[in-house]
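Chemist: What follows is a single structure, and I will ask about it in a moment.
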Amino acid sequence: MSLTLVQVIVSGLLVGAVYALFSSGLSLVWGMMNVINFAHGDFVMLGMYTAFVAMVWLHGGPLLFGPAAAVLLFLLGVIVYYGLVRQVMRGPMLAQILSTFGLALVIRYAAFWVFSANFVTLPEGALGGTVNLAGIFLGLPQLISGVVALVLTAGMYLLLSHTAIGSRLLAVAEDRNAAMLMGIRPDRMQALAWGLASAAAGIAGALMAAIYPISPTIGETLAITAFVVVTFGGFGSVPGALVAGLVIGVVQGLSAFWFGPIYRDVAVYVLFVLMLWVRPQGLMGRP
Amino acid sequence: MTVEALPRAGRRRAGWGVLAATAALLLYPWVFTGDFMERLGALVLLSAIAASAWNILGGFAGQISVGHAVFYGIGAYMPLLVYQLWQLPPIVGIPFAIAISLVVAIAIGFPTFRLLGHYFSMATIAVAELIRIVVSNWDFVGAAIGLMGPAVSRTVLDFSFKSSVPYYYLFLTVLALVLAVTWHLQRSRTGYYLRAIKAGERAARSLGVPVRRYKLYALLLSAAFTSVAGSLYALMIGFIDPDSGFGILVSVDMIIIAALGGAGTLFGPLLGAIILVPLREFTNAEFGGGGSGLTYILFGGIIMAISRFEPGGLMEIWNRIAGSRLGPRQRRHRSANRAA
């Protein structure tokens, strides 16, 4: 295997870790309340612009914008839950799907208005540098964002599986009424889930801002990427999202490397359609 | 609430309403003259056709497609493609477009209809985006630039008119056809099956409704009409590019128009188009290209508000107001219908 190929695969894994982070948020919300957030990709986009604003407008550093994106998006998630999702959750399917779809449009075109349609990037100097890992050259921002995303996704998994708050979240996901009888407030837990999911999207966005050009319409592509990852990994499964995120990252990298840059997304979408035909419950999901 | 389910008094009133609306639609080009208004009228009808087509699947069967632009785009591209390739009149491409749309519909619907609704929504959005990227990079269909129709009308078969009025009446005819088919569907066994599926898939299946097959029927019918709407767009505008054929906003327009008017009602999409298309055209005319940003902030807000407060759309509000004027016996009839 040539060194270039190894480099492509490692880059793919690093990007895939970021995909895993925001997709695990989507998966968590689905697992908790069977709602798909169609605005999830636009939440990631907001995280990217938070990084941009923090760095270019407010002259802050990389240590500022990650937490800033997390806090802002956490709040947005909680607001969206209480203002919109809580009411439509038990409504007809049409309302469930259209509500977050409408939210996605508002966020996307508001960003369009504020930041214009042009692509922007973070300034080079602050986050430059490459690292030489045994002959593989990786951008420092890429390496950092990949590793941080991996740690945070693992943290999300540990939070859900090894803490009291995680047990409460899962209890509500399992049976809302039974959880209520145990003294858990389902509304608060579901709001928390939305907050966590959005914060994950926000941080992932901030991490991606260092690697990718930012534009208001990027949310749609990211949302579809998250759908693909979550379908692959099985809905509601954070470890599944992690594995699938890494796989999708590598698939994107390899198809761009072998066939050309436009096939980056095409390969993933084709894989998605094939997946729906062959194994719709996902790699790790139950049928 | 369907027209035929109304008691006699309500049915008579609905009949007069339909008659008045038909007269108004027939007379519109005589009342509102001038290029802008004539074009606007045609665009309202075109959007009403597309939204009514979406409504068959999204409204009646309850399967929410967010990628109907796939069928619209195929419909818009084929007529201009047969012109580019063989100099044939664009309408020759319409049957090809329908055939391709049906194949694509089966490819999406067959696997996803085994699963519950959200999968279908996600699959449609992904397939639409996939096809948009492929078309944007495929030189055979004009890549990012798109395709042109005949610049000068050669024969009347080119359907290339300077005025928007011929298109207006063409679209009105097609809309009448789509609504007639929808009306018939509502009253048929298929219509009842679709409503049962929408109300609860598991329950429908346990009562012996072949759920997957009927969801597929609704998708095929919906895809075919959406494709026709796309073809009509291409005939009128004479030009198509990937974004105006396959872009996400094409799907957004269909969904919001149907949802505002009332998804799952016969005339909801038409009502939605009468309200939203002028709004879109006026803001675009007023603010230029940047206006589309503003338009879609507004559209997104409207979608959220409908799903949050009034998932039945405006027709539901209208029925409630009209319902409060009915006598007690008719109200009872109506609530019995709603429960069913």
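Protein chains in written order, with the working numbering: chain A, 2 to 288; chain B, 33 to 372.
Backbone N, C-alpha and C fix where the C-beta goes; we use that ideal spot for every residue, glycine too.
Using 10 angstroms around the beta-carbon of A/Thr222, count the other beta-carbons present and answer buried if the total reaches 16, otherwise exposed.
Modeler: Position 221 of the first sequence, counting from 1, holds the residue named residue 222 of chain A. A/Thr222 is buried by the Cβ-count criterion.
Chemist: From B/Phe152 to A/Gly130, what does the alpha carbon distance come to, in whole angstroms?
Modeler: The residue you call residue 152 of chain B lines up with position 120 of the second sequence. The residue you call residue 130 of chain A lines up with position 129 of the first sequence. If I take the Cα positions, the gap works out to 44 Å.
Chemist: Note down the Cα distance separating B/Arg338 from B/Gly300, rounded to an integer number of angstroms.
Modeler: Position 306 of the second sequence holds residue 338 of chain B. Position 268 of the second sequence holds residue 300 of chain B. First, the residue type needs correcting, since residue 338 of chain B is Ile and not Arg in the sequence shown. Going by the C-alpha atoms only, they are around 13 Å apart.
Chemist: Just to confirm before moving on: does the CB-CB distance between A/Ala227 and A/Leu73 stay below 8 Å?
Modeler: As a first step, residue 227 of chain A must be located in the first sequence, where it is residue number 226. As a first step, residue 73 of chain A must be located in the first sequence, where it is residue number 72. No; because the gap between Cβ atoms is not below 8 Å, this pair is not in contact.
Chemist: Measuring alpha carbon to alpha carbon, tell me which residue in A/Gly261, A/Leu151, A/Leu4, A/Ala112 is nearest A/Asn133.
Modeler: Here the question's residue 133 of chain A lines up with position 132 in the first sequence. Out of A/Gly261, A/Leu151, A/Leu4, A/Ala112, A/Leu4 has the C-alpha closest to the C-alpha of A/Asn133.
Chemist: Quick one: which chain A residues come within Cβ less than 7 Å of B/Pro242?
Modeler: Numbered from its first residue, the second sequence carries residue 242 of chain B at position 210. Result: empty, since nearest Cβ-Cβ is about 19 Å, beyond 7 Å.
Chemist: I'd like to confirm the pairing. Which residues does DSSP put opposite B/Met180 in its beta bridges?
Modeler: Indexing the second sequence from 1 puts residue 180 of chain B at position 148. The partner list for B/Met180 (beta bridge, DSSP) reads B/Phe271.
Chemist: Just the C-alpha distance for B/Arg237 and B/Val243, rounded to the nearest angstrom, thanks.
Modeler: Here residue 237 of chain B corresponds to residue number 205 of the second sequence, with the count starting at 1. Here residue 243 of chain B corresponds to residue number 211 of the second sequence, with the count starting at 1. Whole-angstrom Cα-Cα distance: 6 Å.
Chemist: Helix, strand or coil for A/Gly140? Go by DSSP, reduced to three states.
Modeler: The residue given as residue 140 of chain A occupies position 139 in the first sequence. Strand.
Chemist: May I ask you to report which of helix, strand or coil DSSP gives A/Ile263?
Modeler: To locate residue 263 of chain A, count along the first sequence from 1; it is residue 262. Correct three-state label for A/Ile263: coil.
Chemist: Is the segment 76 to 95 of chain A touching the segment 194 to 214 of chain A in the sense that three or more CB pairs, one from each, lie closer than 8 Å?
Modeler: Contact holds: three or more Cβ-Cβ distances are below 8 Å.
Chemist: On the DSSP letters alone, give me the boundaries of the alpha helix (DSSP H) that A/Val132 sits inside.
Modeler: Taking the first sequence and counting its residues from 1, one reaches residue 132 of chain A at position 131. Per DSSP, A/Val132 belongs to no alpha helix (DSSP H); it is in the beta strand (DSSP E), 131 to 134.
Chemist: Based on the DSSP output, what are the partners of A/Val251 in its beta bridges?
Modeler: Counted from its first residue, the first sequence places residue 251 of chain A at position 250. Answer by DSSP bridge pairing: none, since A/Val251 is not bridged.
Chemist: Got a sec? Which residues, its chain only, sit under 7 Å from B/Phe203 by beta carbon, not counting five neighbours each side?
Modeler: The sequence position of residue 203 of chain B within the second sequence is 171, counting from 1. Excluding residues within five positions, the ones whose Cβ falls inside 7 Å are Ala74, Leu77, Leu78, Ile81, Leu264.
Chemist: May I ask you to report which of helix, strand or coil DSSP gives B/Val98?
Modeler: In the second sequence, the residue the question calls residue 98 of chain B occupies position 66. Three-state result, B/Val98: coil.
Chemist: At which residues does the alpha helix (DSSP H) containing B/Leu303 begin and terminate?
Modeler: Position 271 of the second sequence, counted from the start, is the residue given in the question as residue 303 of chain B. Note, B/Leu303: alpha helix (DSSP H), 300 to 319.
Chemist: When the distance is taken between beta carbons, is B/Val206 closer than 8 Å to B/Val260?
Modeler: Counted from its first residue, the second sequence places residue 260 of chain B at position 228. Counted from its first residue, the second sequence places residue 206 of chain B at position 174. Result yes, Cβ atoms of B/Val260 and B/Val206 sit closer than 8 Å.
Chemist: Per DSSP, what kind of secondary structure is A/Ile215 in: helix, strand or coil?
Modeler: Working through the first sequence from its first residue, we reach residue 215 of chain A at position 214. Three-state DSSP puts A/Ile215 in a strand.
Chemist: How long is the line joining the alpha carbons of A/Met181 and A/Ala52, rounded to whole angstroms?
Modeler: Here residue 181 of chain A refers to the residue found at position 180 of the first sequence. Here residue 52 of chain A refers to the residue found at position 51 of the first sequence. Taking the straight line joining both Cα atoms gives about 39 Å.
Chemist: Taking the Cβ atom as the reference point for each residue, do B/Gly178 and B/Ile280 lie within a distance shorter than 8 Å?
Modeler: Taking the second sequence and counting its residues from 1, the one referred to as residue 178 of chain B is at position 146. Taking the second sequence and counting its residues from 1, the one referred to as residue 280 of chain B is at position 248. Contact flag unset, no.
Chemist: Are there three or more Cβ pairs, one per stretch, closer than 8 Å when the segment 196 to 210 of chain A is compared with the segment 10 to 23 of chain A?
Modeler: Yes: the two stretches touch, three or more of their Cβ pairs being nearer than 8 Å.
Chemist: So which residues of chain B does A/Asn100 contact, with C-beta pairs closer than 8 Å?
Modeler: Along the first sequence, one-based indexing puts residue 100 of chain A at 99. Here the sequence assigns Ser to residue 100 of chain A, which means Asn is not the residue at that position. Within 8 Å Cβ-Cβ: Ile335, Met336, Ser339, Arg340.
Chemist: From B/Ser168 to B/Ala175, what does the alpha carbon distance come to, in whole angstroms?
Modeler: Within the second sequence, residue 168 of chain B is the residue found at index 136, counting from 1. Within the second sequence, residue 175 of chain B is the residue found at index 143, counting from 1. Roughly 4 Å between the two C-alpha positions.
Chemist: Out of B/Ile269, B/Trp170, B/Ala354, B/Ala250, point me to the one whose CA is closest to B/Ser220's CA.
Modeler: Looking up residue 220 of chain B in the second sequence gives position 188. Per the Cα distances, B/Ala250.
Chemist: Quick check on this structure: which residue in B/Ala131, B/Phe92, B/Phe314, B/Ala93 has the alpha carbon closest to the alpha carbon of B/Tyr104?
Modeler: In the second sequence, residue 104 of chain B corresponds to position 72, counting from 1. Selected option, being the one with the closest Cα: B/Ala131.
Chemist: Using the three-state DSSP reduction, which class does B/Val213 fall into: helix, strand or coil?
Modeler: Along the second sequence, one-based indexing puts residue 213 of chain B at 181. B/Val213 falls in the helix class under three-state DSSP.
Chemist: Taking only beta-carbon positions, decide if B/Arg370 is within less than 8 Å of chain A.
Modeler: Counting from 1 along the second sequence, the entry for residue 370 of chain B is found at position 338. Confidence at B/Arg370 is low in this model, with a pLDDT of 49, below 50, so the placement of that residue should be treated as unreliable; the coordinate-derived value is given next. Not closer than 8 Å to any Cβ of chain A, the Cβ of B/Arg370 fails to qualify, so no.
Chemist: Around the C-beta of B/Arg44, are 16 or more other C-beta atoms found within 10 angstroms, so that it is buried, or is it exposed?
Modeler: As a working note, residue 44 of chain B is residue 12 in the second sequence. Exposed: under 16 other Cβ atoms inside 10 Å.
Chemist: So, helix, strand or coil for A/Val36, using DSSP?
Modeler: Indexing the first sequence from 1 puts residue 36 of chain A at position 35. If DSSP states are grouped into helix, strand and coil, A/Val36 belongs with coil.
Chemist: Say yes only if the C-beta of B/Ala208 is nearer than 7 Å to one or more non-hydrogen atoms of the ligand MG, and no if none qualify.
Modeler: The ligand MG is absent from the structure shown, which contains no ligand whatsoever.
Chemist: Do B/Tyr109 and B/Pro182 have their C-beta atoms within less than 8 Å of each other?
Modeler: Start at 1 with the first residue of the second sequence, and residue 109 of chain B comes out as number 77. Start at 1 with the first residue of the second sequence, and residue 182 of chain B comes out as number 150. It is not a contact, given that the beta carbons lie outside the stated cut-off.
Chemist: Quick check: the Cα distance between B/Leu267 and B/Ile140, rounded to an integer number of angstroms?
Modeler: Walking along the second sequence from the start, residue 267 of chain B turns up at place 235. Walking along the second sequence from the start, residue 140 of chain B turns up at place 108. Straight-line Cα distance between these residues: approximately 27 Å.
Chemist: 8 Å is my cut-off, CB to CB: does B/Leu162 come that close to chain A?
Modeler: Along the second sequence, one-based indexing puts residue 162 of chain B at 130. Closer than 8 Å: yes.
Chemist: What residues in its chain sit with their C-beta under 7 Å from that of A/Gly48, if we drop five residues either side in the sequence?
Modeler: In the first sequence, residue 48 of chain A corresponds to position 47, counting from 1. Here the set comprises Ala70, Leu74, Ala202, Gly203, Ile204, Ala205, Gly206, Ala207.
Chemist: Would you list the one or two residues that DSSP bridges to A/Val121?
Modeler: Mapped onto the first sequence, residue 121 of chain A falls at position 120. Beta-bridge pairing links A/Val121 to A/Ile215.
Chemist: Can you tell me whether B/Gln95 is buried or exposed, with buried defined as 16 or more other CB within 10 angstroms of its CB?
Modeler: For the purposes of this step, residue 95 of chain B is taken as the residue at position 63 of the second sequence. Buried is the call here.
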